[in-house]
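Residue numbers (the numbering used here): 12 to 512.
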């Protein structure tokens, strides 16, 4: 596969001094790209790459138009290099079927600049079209709609044409190419995978449409038209990536019993929180991930009941405790809003934005009430759809819709957002414990082993899989947070749990 040019259509907005400046001297992010030539409105122009100051940030491409205009069509002829961090190239032996090589992209957080010259910031959003030529033995898919059937370019290559009409930030550009087959799993969804696992994947993700409908009920219409899932080869190093129209997932999610489908709920939730409403900088990454985890658990609640939401809330709090213990309670990267001046956002990645962010939203739910919080969430998505925002704008909208009581010092909102370590609130439940099980047979005393204290208020969560004559039995065992410290351990199991066993 070869990328050889990109055309950027830049048009000044009315009364936009910022745009006026950058249309007279266009600046684009690049990293490990070889630039051959630059044309503006079909005329060759001067350009140069500015010196690198931070290696991860790459070089700024400065383009100097010949004449002033309120619209520029900028064409850049370039090529990527083997050092492009956005593209991963796999030999056939690293795929599941070992028949064809495989290529996939990963642009988050600032890797798109190694794929194409662009404004590589979540502040900037754009629609795009792409034509991609690849060997005819392979299939190309993108985080966009295919708008025409692929056609033969020559005896050995096919060209594909894609269009993404909804403006997206650069980190959501996605492409994959390999030995792929697809199966329809819903009215707007297909699953893509290597032929040997595509049917398994179709079974695993068959609840996708149900999740989309639940999310629409909470946040409003799904605007991306299609929601496809790509199962990557075994060497894919991530759990999932929320590329619009085409979620990337790891084959490790193919558990056989749909027990890991909450990852799909998370990526679906990103279709509203993250992809449609986006953090304007990576310091405010919690705006993407905290809202998405919060929405993910609301989706699970609509489908599986409130106990499933609280199960993952408890598990998430445990993850937060473990992450803070690993990083250290005074580490500045345990703040909800972090300082990334001169720092590669990848170096700051942790579970903090996910779990501390979603816990803040759950805390607000306990203050304002669930119905008010759900109404606010829908209004939030509607207000900022297609836009990027920071935490200050988020807070202004929150207080304008729900009132300023949250700013009362007793709620310690400043500590939530700007202090390292644990947040100033522990999730509690009115009952000491709850146990939920799914039985296809009886006499499962092993459940009692699930009662493990991990701190005075939160109990661990355990999944059990048993093979029985009637098939595989899945048991979900968990204990929720308590308003009082609990003191029993494995050798002192509550009677109620024994009764369930």
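Backbone N, C-alpha and C define an ideal beta-carbon position, used for all residues, glycine too.
Looking at residue i and the ligand NAD, is the gap between the Cβ and the nearest heavy atom below 8 Å?
{"i": "residue 296", "result": "The model depicted lacks the ligand NAD and carries no ligand whatsoever."}
Please report how far the alpha carbon of residue i lies from the alpha carbon of residue j, in whole angstroms.
{"i": "residue 265", "j": "residue 87", "result": "41 Å"}
{"i": "residue 513", "j": "residue 395", "result": "This structure does not reach residue 513, given that the chain is present from 12 up to 512, and the question cannot be answered."}
{"i": "residue 383", "j": "residue 411", "result": "13 Å"}
{"i": "residue 351", "j": "residue 426", "result": "19 Å"}
{"i": "residue 169", "j": "residue 311", "result": "41 Å"}
{"i": "residue 331", "j": "residue 130", "result": "33 Å"}
{"i": "residue 373", "j": "residue 99", "result": "37 Å"}
{"i": "residue 56", "j": "residue 172", "result": "28 Å"}
{"i": "residue 300", "j": "residue 390", "result": "18 Å"}
{"i": "residue 481", "j": "residue 258", "result": "Reliability fails at residue 481, whose pLDDT of 46 lies under 50, so the model's placement of it is uncertain and no value is given."}
{"i": "residue 226", "j": "residue 279", "result": "8 Å"}
{"i": "residue 251", "j": "residue 281", "result": "11 Å"}
{"i": "residue 201", "j": "residue 317", "result": "29 Å"}
{"i": "residue 339", "j": "residue 346", "result": "11 Å"}
{"i": "residue 403", "j": "residue 289", "result": "14 Å"}
{"i": "residue 361", "j": "residue 323", "result": "18 Å"}
{"i": "residue 74", "j": "residue 68", "result": "18 Å"}
{"i": "residue 303", "j": "residue 234", "result": "17 Å"}
Could you check where the beta strand (DSSP E) with residue i kicks off and where it finishes?
{"i": "residue 206", "result": "From DSSP, residue 206 is part of no beta strand (DSSP E); its letter is neither H nor E."}
{"i": "residue 48", "result": "45 to 51"}
{"i": "residue 99", "result": "98 to 101"}
{"i": "residue 144", "result": "137 to 146"}
{"i": "residue 78", "result": "Careful: residue 78 lies outside any beta strand (DSSP E) and carries neither H nor E."}
{"i": "residue 153", "result": "150 to 153"}
{"i": "residue 175", "result": "168 to 179"}
{"i": "residue 294", "result": "Where residue 294 is concerned, there is no enclosing beta strand (DSSP E), given that its DSSP letter is neither H nor E."}
Using only alpha-carbon positions, find the residue among the options that is nearest to residue i.
{"i": "residue 108", "options": "149, 199, 167", "result": "149"}
{"i": "residue 429", "options": "344, 103, 404, 104", "result": "344"}
{"i": "residue 39", "options": "362, 47, 127, 267", "result": "127"}
{"i": "residue 65", "options": "56, 77, 42", "result": "42"}
{"i": "residue 19", "options": "78, 101, 77, 140", "result": "140"}
{"i": "residue 199", "options": "224, 400, 361", "result": "224"}
{"i": "residue 431", "options": "407, 409, 415, 336", "result": "336"}
{"i": "residue 261", "options": "203, 438, 233", "result": "203"}
{"i": "residue 419", "options": "388, 378, 434, 438", "result": "378"}
{"i": "residue 194", "options": "188, 205, 306", "result": "205"}
{"i": "residue 175", "options": "151, 236, 399, 192", "result": "236"}
{"i": "residue 167", "options": "160, 146, 303, 60", "result": "146"}
{"i": "residue 152", "options": "192, 104, 414", "result": "192"}
Is the shortest distance between the beta-carbon of residue i and the beta-carbons of chain C less than 9 Å?
{"i": "residue 435", "result": "Of the protein chains in the structure, only one exists, and it is not chain C."}
Less than 9 Å separating the beta-carbons of residue i and residue j?
{"i": "residue 248", "j": "residue 113", "result": "no"}
{"i": "residue 240", "j": "residue 263", "result": "no"}
{"i": "residue 368", "j": "residue 297", "result": "yes"}
{"i": "residue 97", "j": "residue 70", "result": "no"}
{"i": "residue 392", "j": "residue 231", "result": "yes"}
{"i": "residue 190", "j": "residue 320", "result": "no"}
{"i": "residue 208", "j": "residue 115", "result": "no"}
{"i": "residue 45", "j": "residue 91", "result": "yes"}
{"i": "residue 253", "j": "residue 277", "result": "yes"}
{"i": "residue 229", "j": "residue 313", "result": "yes"}
{"i": "residue 327", "j": "residue 366", "result": "yes"}
Looking at the secondary structure, which residues open and close the alpha helix (DSSP H) in which residue i lies?
{"i": "residue 382", "result": "381 to 395"}
{"i": "residue 273", "result": "273 to 280"}
{"i": "residue 228", "result": "219 to 230"}
{"i": "residue 116", "result": "Here residue 116 belongs to no alpha helix (DSSP H); instead the beta strand (DSSP E) covers 113 to 116."}
Report task. Mind the definition here: the segment 349 to 369 touches the segment 104 to 122 only if three or more C-beta pairs lie below 8 Å; say whether that holds. Result -> yes
Query raised in the report: Counting pairs of beta carbons, one from the segment 255 to 272 and one from the segment 212 to 222, are three or more of them closer than 8 Å?
Result: yes
Report task. Evaluate contact between the segment 74 to 88 and the segment 45 to 60, counting only Cβ atoms and requiring at least three cross-stretch pairs below 8 Å. Result -> yes
Query raised in the report: Counting Cβ pairs, one atom from each stretch, are 3 or more of them under 8 Å apart for the segment 168 to 181 and the segment 128 to 135?
Result: yes
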